[in-house]
Structures are given as structure tokens and as C-alpha cells.
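What follows is one structure encoded as C-alpha cells, with my remarks underneath.
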Amino acid sequence: MPELKTDSLFINMGPQHPSTHGVLRLGLTIEGERVVNVFPDVGFLHRGIEKLAESRTYIQTIPLTDRLDYMSGMSNNLAYVLAVEKLLDVEVPRRAEFIRVIVAEMSRLASHLIWLGSFANDLGATTPLIYCFREREDILDALEILCGARMTFNYVRFGGVARDATPPFVEKLRKFLSIFDRRVDEYEELLTKNAIFTNRTRGVGLLTREEAISYAASGPVLRGSGVKWDLRKDAPYSVYPEMDFVIPTGEAGDAYDRYLVRLVEMRQAARIIRQALDGLPEGDFTAKMPRVLKPRKGEAYSRIEAPKGELGFYVVSDGTANPYRVKIRAPSFINLATIPTMCKGALVADIVAVLGSIDIVLGEVDR
Amino acid sequence: MSRKNDIPRLVVAAIKPLIDGLKLTLRFLFSRPVTMLYPYERRELPPGYRGLHVLKVDPQTQEMKCIGCTLCARACPDHLITIETSPGETKKRKVDVFDVDISRCMFCNLCAEACPHSALELSSKYELAVTTRDGLIYHKEDLLEKPVGAGREASAG
Amino acid sequence: MGFFESLRFIWLFLPNLMPREIYELGVMAVAFLAIVIFITLMVLFMVWFERKIIGHIQVRRGPLHTGGFHGWAQTIADTLKLFLKEDIVPRGVDRPVYVLAPLIVFMSTVVAYIVIPFSKNLVARDINMGVLFVFAVSSVTTIGIFMAGWGSNNKYSLLGAMRVAAQIVSYEVPLLLSVLGVFMLSQTLSLSGIVEAQKHVWYVFLQPVGFVIYVIAGIGEVNRLPFDIPEAESELVAGFHTEYSGLRFAFFFLSEYANMFVMSAMATVLFLGGWHGPVLPGFVWFMIKAFFFMFLMVWLRGTYPRLRVDQMMAFCWKVLLPLAFLNLLVTGLVMAAF
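In C-alpha cells:
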């Protein structure tokens with residue numbers, strides 16, 4: 544019987560597409576229903592943040608970092624501030640450190656909630672999206688009380704934070720935490736054991752341990768593949784060594800494992816916030832800083848465990864008021880490189896599930 | 241033998257979560273919606289909300305506290321504040337022009353934090369849509385603190 | 155004679171006043187008008203109902219302002235908007251195929267309403283093979299969908315149309331097999347006859363498995379979540395009705411909800427005893443039961459993610475079909491034993 548000769552087809556998915564989480568163009572090479580290759584084409588949201596930072600002072604760059612991973616602005620602020628503080632020799636008061644941990648974990652919650660909502664939405668379940676946004680509203684309301692803004696915070700500053708954590712903030716946060724665990728239970732009830740959901744995510748988007756490490760994947764993508772690596776425990780910063788929490792890992796490295804890892808991370812983030820609130824010491828919320836900042840000449844790299852993975856800032860200072868170079872190691876950009884491996888042999892409908900499970904945000908990918 | 245027992249257990253394990261999901265959504269069907277009927281209801285904003293700029297006025301002298309030191313203009317990352325001063329009658333300099341261009345403002349609060357006299361703050365006004373481009377440039381008269389928050393209407397030019 | 159009695163007298167005397175053919179034509183016209191008006195009103199209500207229910211499931215409100223009370227006029231506003239849109243016919247389409255497709259889909263759905271017994275005497279025409287008629291006629295929608303995909307001059311529409319056609323045709327097999335069990339019990343194919351046969355006990359109690367299979371396969375037939383892969387916006391292939399806008403799209407939209415109602419009505423008639431019920435008039439009971447199924451479809455849409463195409467097909471052929479055969483076997487054995 545003669546061999547059936549087939550041709551592969553090249554289709555564009557994006558840049559305008561309801562499921563690519565932003566302006567991302569995926570070039571798919573498909574044969575029939577099977578995907579042969581996925582080519583991510585990025586750059587549609589490039590705004591030149593790294594270059595802009597060179598013409599602004601150090602403090603003026605902090606609002607720019609808010610716009611990287613705009614789902615979790617505080618984490619970006621924190622990573623940048625930690626990098627520059629290495630060149631500043633400043634002592635951050637303990638109260639400020641605790642507040643930093645609280646807002647970083649709140650950003651983790653906010654980011655994972657959006658991920659969960661849009662992941663379920665891509666798979667067809669439209670209700671978890673609205674439920675997650677309801678939770679996010681509480682978090683953003685608390686952050687609004689704290690620093691006056693809901694998305695572009697500009698809050699973590701050199702030497703501490705911009706404003707103090709007032710009693711209304713603490714009260715609102717505690718009220719939110721008291722209902723949050725039950726809410727995560729609700730999401731699990733809707734999705735975790737749902738046969739349709741597991742069929743769509745089990746065995747889809749496989750990434751082995753070795754592949755994950757060789758791609759320099761980080762965050763839940765790495766932990767979903769079974770590698771127990773979390774910067775909060777393995778390269779700790781701020782007051783994380785004083786917090787008690789567990790690091791979840793997956794076994795199979797598929798989309799379902801990454802989903803479970805992020806759900807556990809949400810619960811652990813709530814746990815950390817509770818501990819930090821209970822242990823919040825009295826004191827200053829910022830150290831005394833000069834009006835014009837001139838860090839010493841040198842280079843510094845600092846990394847944090849952002850919700851999407853390892854977020855790193857490499858700052859080169861030449862002694863003037865403006866940074867000489869700011870290089871951002873964005874986790875979504877690096878994690879996105881795993882897509883061709885994950886989509887090998889998948890069906891077209893799985894690409895949406897895989898992309899959702901990596902959890903990218905185009906602000907970070909393109910900077 | 242164990243295979244025969246597995247099938248009913250598998251079936252129940254597959255169907256029960258589906259029913260639980262349905263029960264959950266039914267419960268929400270009969271609960272109160274969490275949405276707010278904007279514009280009939282409005283959110284109460286916390287103090288410290290970062291909205292439109294406002295030039296604070298000294299309650300005793302009814303003059304604005306700003307002395308024209310231009311620290312805010314230098315702190316703004318996008319150079320959106322324009323200040324022009326001239327010698328005043330008293331020792332204080334008179335501020336002639338204080339323009340804030342909010343078309344590119346990101347309400348980052350760096351200007352208000354830079355002010356040494358707390359003369360510039362960010363208020364709670366957030367409904368700032370206008371129909372002209374010039375409407376997005378606020379002048380000194382529009383920014384002065386008013387007893388009742390009226391703000392700028394969509395005016396011509 | 156009183157006013158109403160005289161009206162009734164005229165109504166009964168009417169056939170004698172004119173040639174038989176004209177009377178029959180008149181009855182057909184009235185029945186058709188009634189069906190079309192019913193479908194229009196039902197779809198108007200159903201779209202609003204779905205948006206409100208999904209809204210409340212998602213702890214929000216759905217339409218609220220249009221027309222005052224909870225946005226009841228929202229569907230009317232949307233339909234008007236569709237009417238007023240520019241009628242775009244893309245270049246290169248196969249014009250007769252493109253134009254006829256929505257009409258075929260719509261008309262084949264409407265024709266199925268002729269045999270549905272809304273109440274004891276509210277049937278447009280009670281054919282003695284009513285069930286066969288309904289399913290045969292609703293299958294013609296597949297042709298209409300395929301025409302839409304082909305006539306659109308768009309390879310993604312064609313792919314989407316092929317998927318929908320495959321899905322509909324596949325899900326018809328367990329659908330009809332589950333109904334066979336009902337035949338064996340009722341011994342008649344006429345829909346009114348089946349309703350009559352359920353006077354004492356509804357068939358849902360005698361054929362529970364058949365009922366479940368019918369409902370699931372019915373949802374698959376109508377392309378509703380969790381089986382709505384062809385119309386999902388988050389998928390790559392855009393769907394067979396991409397190139398349609400305005401009034402033509404309105405026809406597709408209308409026929410989807412009309413089809414949903416046909417499935418619900420058949421489920422009521424075949425399994426839930428049709429218009430039987432105490433106290434309330436038959437028509438009210440029928441509508442209550444049919445709307446329960448419509449509500450079920452909306453409820454499912456608000457809860458579940460959607461199945462992938464291959465999973466959907468595998469579910470149909472590997473789970474529903476064997477179950478349907480098993481149901482048939484067991485029904486036959488039980489009937490032979492008694």
C-alpha cells in the first residue's frame with residue numbers, strides 16, 4: 544500500500560487571540576491534528592524598560608518595574624530594590640522586612656488567582672474566573688488601603704517601604720485570610736477532581752526533570768517536574784528564614800501537576816502572611832535615605848522567588864544618580880522556551896492548556 | 241477479583257466530583273451577587289488613595305502652601321509638572337504656572353513624596369475622562385483644593 | 155347562546171363552510187404561525203434566562219438595565235442590533251450555498267416542532283411515526299452546517315463545520331438507541347401515544363439508564379458545554395459561522411436555541427410523561443418540564459470545562475454506545491421475562 548504523503552501546515556496563533564494571555568504569536572507547524580513544532584514569537588509588548596531605566600534615577604525606575612509582571616507588582620519592586628540595596632549599604636528595619644514579605648506573598652496570591660481563573664477559562668469553565676477575581680478584589684482593596692494603588696504600587700523602596708502598614712490594612716487582611724482557605728477549597732471542588740478537567744490536563748505538556756533544569760525553568764514549572772527548588776528556602780532573602788512553610792513538588796511534570804503545585808502555593812502564601820502578620824514588630828517602616836541616591840560603583844545581582852519563577856535584577860552602577868545598566872531576568876521569558884518541548888506530539892487543543900499551565904505574562908516576556 | 245471491584249469505584253470517583261461541582265454552582269446561583277451597581281453606587285476610597293493631584297491650601301491664610309521649589313517637577317519620572325515662578329510682594333515667591341499633564345501621568349506619588357511642605361498631594365478623584373486632549377492638562381486653578389470636590393467638567397479647549 | 159359558546163360553534167362549523175383543502179391550508183398556516191411565534195418568544199426568553207443564570211452562578215448580575223426590570227429587553231435589543239447590521243457577503247463564497255445554509259438549519263429545526271405535543275390537543279399534526287420524524291428532520295441541520303462551512307470560502311470554517319458534522323452524526327447513534335428502549339415499552343412511535351402510555355408511570359423510572367444516555371447525547375447533539383468545542387472562541391479553528399454576520403448569524407443563533415428546546419421537549423415527552431401532571435393544565439406542566447432541561451443545560455455550561463474533540467468522540471463511541479446497547483439488552487430481557 545503506498546505511503547500517504549501529508550504536508551505540514553503552518554498556522555499563526557495570535558498575536559490577537561483570546562487564549563494567549565496577551566500579545567503573543569505562536570507559529571504552529573501541524574500535521575493534521577498533531578503539532579510538530581511551536582515557535583513562540585515575542586516582542587509585541589516591548590516597551591524598552593531596561594533602556595528607560597538608564598535615563599531615570601534609581602527611585603524613578605521603581606514605578607517602571609511595576610509594569611513587568613503587572614499581576615504581581617510588589618514582587619518586581621522587591622527584586623529591584625534588593626539588587627540596588629546591595630550597592631547602598633543600608634540597614635532595612637525589621638518592620639519593613641516583614642511588610643515586604645507580606646506584600647510579596649499577597650502579590651503571589653494575586654498572580655496565582657489570575658492564573659487559575661484564566662487557565663480554567665481557556666479550558667471552558669467560565670465560572671472560576673469570576674470567583675478568582677472576587678478574591679483578588681479583596682487583596683487589591685487591602686493593598687489600596689496600604690499604598691493607595693491597586694496595580695502599579697511603587698511601594699517597596701530603598702531602605703524599607705513607602706508608607707506604614709496601618710491597622711485598617713491589617714484588619715482587612717486578616718478578614719480576607721479567614722475566608723480564603725474555604726475559597727481555595729471551593730476551587731478545588733470545581734476543578735481538581737473533575738473528570739473533564741483531569742482529562743484535559745493529565746499527561747499534557749510533559750516536561751521531565753532533566754529538561755526543566757536544562758531549560759533553566761523556574762517557579763512552578765520547575766517544581767511541577769519534581770525539582771525541589773525554591774529561592775525562598777534555597778537562597779533566602781528578607782525574613783523568609785523565619786517563616787514556616789512547605790515547598791510543593793509534582794511528579795509527572797504535566798499541566799495537572801503544575802496546577803496542583805500552584806494551588807498548594809496559594810495555601811502556603813496565606814500561611815506565610817498569617818505568620819508575618821502575627822509577628823509584625825513595631826518600629827520604623829523605612830531607614831533614613833538621602834534625597835538623591837548615588838550608590839557606589841559596582842554591579843549587583845539579586846533574585847527572588849516571584850510567582851512566575853526566578854525574577855532577577857542585574858544592576859550596574861557607575862556612581863551617578865542614574866543606573867548604568869539594568870538587566871532583568873524575567874521568569875516568563877525563560878519558561879516560555881519550554882513550549883516546543885512540552886507541545887511535542889500534542890493536539891492543537893492542548894496548546895492552550897499547556898500555555899496556560901506555564902503561566903506567562905507578556906509584560907515580563909517582552910519587557 | 242480486584243478488577244471487578246475497581247469499576248464501580250472508578251465510576252463513582254468520576255461522577256461524584258461532577259455532582260459536587262454542580263452543587264457548588266447551584267449554591268452560588270442563589271447567593272447574593274458581589275458586584276456593585278456603578279454609577280448608582282460608588283466605592284468608598286481609603287485615605288491615601290492616589291488619584292488626581294491637589295494643591296493644598298493653608299486654612300488660615302487661604303493661600304496655597306506651594307512655594308515653587310520645583311522639587312516635585314524634578315522628582316517626576318516623566319517630567320510632567322511645569323512650574324514658573326516670579327518674585328512676589330512678600331518674601332515668598334509667587335507661583336504663576338503650575339501645570340500637571342495627566343495624559344502620561346502614572347500617579348506614582350513621587351511628586352507628592354518629594355514635596356517638603358506637603359503642599360502637593362494625590363486626592364481621591366479618579367473619574368478623569370474628558371473629551372479633549374487639552375482637558376488632560378490641569379492648571380493651578382483646577383488643582384487648588386476646593387471644599388467640595390467639583391473638578392473639571394468637559395469644557396471646550 | 156353566550157359569546158364563547160357561539161365562537162366555539164363557529165370554530166366547529168368552520169370546516170363545512172369551505173372546501174376541505176382551504177380549511178386544511180388555513181389550519182396549517184395558523185399552526186405554522188403559532189410555532190414560529192412560540193419559537194421567537196421562547197428564544198427571546200431563553201437567551202435572557204441563560205445570561206441571568208450564568209451571571210448569578212458567577213456571583214454577578216447579568217443584564218440589568220435594558221427595559222427596566224432586570225434587563226428583560228436585552229435579547230430584543232441584541233436581535234435588533236443584529237438586524238440592523240450591514241449584510242456582508244465575503245468575496246469568493248459559493249453564493250447559493252452560503253445564502254441557503256442558515257435557512258436550512260433554521261427550517262429543519264422548526265419543522266420538528268410540528269409533532270411535539272404541547273398538551274392533550276395542542277399538536278400541530280400527530281404523525282404516527284412522530285419520533286422518527288423528529289430525529290430524521292433534525293438531522294438535516296447537519297447538511298445546513300456543512301453548507302455553511304463549505305460556502306464560506308474559509309478553510310478554518312470548513313474544518314470547524316466538519317468537526318460539528320462529525321460530532322452531531324456520532325451523538326445521534328446513542329441518542330436513538332436510548333430511545334429504542336422507550337419504543338419497546340410504549341409499542342408506538344407516535345409522540346402523543348407515548349405520552350398517553352405514561353399515564354401511570356413515567357418512563358424515567360422504567361428506563362433510568364436510557365434517560366441519562368439521552369440527556370448526555372442530547373447535549374452533545376446541540377453543541378452545548380461540555381461538548382461545545384466547535385464554537386469555543388479559545389480554540390484555533392474559528393467555527394463554521396465565522397463568515398456570517400447580522401441577520402444570517404441571527405438565524406444560526408436562533409436555531410441553536412430552538413434545537414435545544416426540541417431536545418428538551420423530546421426528553422419530556424419520552425421520559426418525563428409529557429404534559430401529565432396534577433392540578434395545573436397540561437401545557438404548563440409540559441413547559442415546566444422542558445424548561446427544567448433547558449435550565450440543566452445552562453447550569454452545566456456554568457460549571458464544567460469543555461472536552462477536547464478526540465475525548466468527546468471517544469466518550470461517545472466507547473462509553474455511551476456500549477451503555478446504550480446494554481440498556482437495550484436489559485430492557486428486552488426484562489420485557490421477555492414478564
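Sequence order for the protein chains is A, B and C.
Following my numbering, the numbering of the first sequence begins with 544 at its first residue and continues without gaps.
Following my numbering, the numbering of the second sequence begins with 241 at its first residue and continues without gaps.
Following my numbering, the numbering of the third sequence begins with 155 at its first residue and continues without gaps.
The beta-carbon is built from N, C-alpha and C at its ideal position, and this holds for glycine as well.
Since we're looking at a predicted model, the values are computed, not measured.
Check, Outcome
"Y857/A - partner residues in DSSP beta bridges", "Y844/A and K870/A"
"Cross-chain neighbours of I207/C in chain B, by beta carbon under 9 Å", "L269"
"Start-to-end residues for the alpha helix (DSSP H) that takes in G335/C", "K309 to S340"
"Residue burial classification, I403/B (beta-carbon count within 10 angstroms, cutoff 16)", "What is shown of chain B runs 241 to 397, which leaves residue 403/B out entirely."
"Segment limits, alpha helix (DSSP H) that includes I554/A", "Per DSSP, I554/A belongs to no alpha helix (DSSP H); it is in the beta strand (DSSP E), L552 to M556."
"Reduced DSSP category for R392/B - H, G, I as helix; E, B as strand; rest coil", "Summary for R392/B: the model assigns pLDDT 45, below 50, so the residue's position carries little reliability; its value from the coordinates is reported in the next sentence. DSSP places R392/B in coil when its eight states are reduced to three."
"Nearest-angstrom Cα separation, counted from D382/C out to G288/B", "47 Å"
"Residues of its chain near R643/A, where Cβ-Cβ distance is below 7 Å and the 5 sequence neighbours each way are ignored", "L621, V699, V704 and S781"
"Reduced DSSP category for V473/C - H, G, I as helix; E, B as strand; rest coil", "helix"
"Residues of its chain near H357/B, where Cβ-Cβ distance is below 7 Å and the 5 sequence neighbours each way are ignored", "K305 and I307"
"Where T735/A falls: helix, strand or coil (DSSP)", "coil"
"Supposed close pair L360/B, C348/B - CB separation, criterion 8 Å", "Contact doesn't hold; Cβ gap of about 13 Å is too wide."
"Simplified DSSP assignment, three categories, for K332/B", "coil"
"Contact with chain F by V274/B, beta-carbon distance below 7 Å", "The structure shown contains no chain F; its protein chains are A, B and C."
"Simplified DSSP assignment, three categories, for V291/C", "helix"
"Within chain B, the residues that W453/C reaches when beta carbons sit closer than 9 Å", "L262, T265, L266 and L269"
"Interface flag, S388/C vs chain B, CB-CB below 7 Å", "Legend: pLDDT at S388/C = 48, less than 50; position of this residue unreliable, no value from coordinates given."
"Three-state secondary structure assigned by DSSP to Y378/B", "strand"
"Interface residues of chain B facing G456/C [CB-CB closer than 7 Å]", "T265"
"Test: Q341/C CB closer than 7 Å to a CB of chain A", "no"
"Three CB pairs or more closer than 8 Å across the segment 790-805 of chain A and the segment 763-772 of chain A", "yes"
"Closest residue to V265/C among S293/C, G400/C, V201/C and A468/C (Cα-Cα distance)", "S293/C"
"Alpha carbon of A626/A to alpha carbon of S399/C, nearest angstrom", "54 Å"
"For G291/B and L362/B, believed in contact at Cβ under 8 Å, the rounded distance", "6 Å"
"Selected residue, minimal CA-CA separation from N481/C, among R205/C, I270/C and M338/C", "M338/C"
"Residue-level contact to chain A via CB, C351/B, 7 Å cutoff", "no"
"Three-state class that DSSP yields for H293/B in the structure shown", "strand"
"CB contact below 7 Å: I673/A versus chain C", "yes"
"Of the residues L890/A, L686/A, T695/A and A892/A, the one placed nearest F712/A, counting alpha carbons only", "L686/A"
"Status (buried if at least 16 other CB within 10 Å, exposed otherwise) for N878/A", "buried"
"P710/A (DSSP reduced to helix, strand or coil)", "helix"
"Beta strand (DSSP E) segment containing N620/A, residue limits", "Per DSSP, N620/A belongs to no beta strand (DSSP E); it is in the alpha helix (DSSP H), G616 to E628."
"Chain-ordered neighbours of N737/A on chain C, where CB pairs are closer than 8 Å", "Y458 and P459"
"C-alpha gap between A188/C and V197/C, whole angstroms", "14 Å"
"Neighbouring residues, chain B, relative to N697/A (Cβ below 7 Å)", "C348 and N349"
"Any chain A beta carbon closer than 7 Å to P286/B", "yes"
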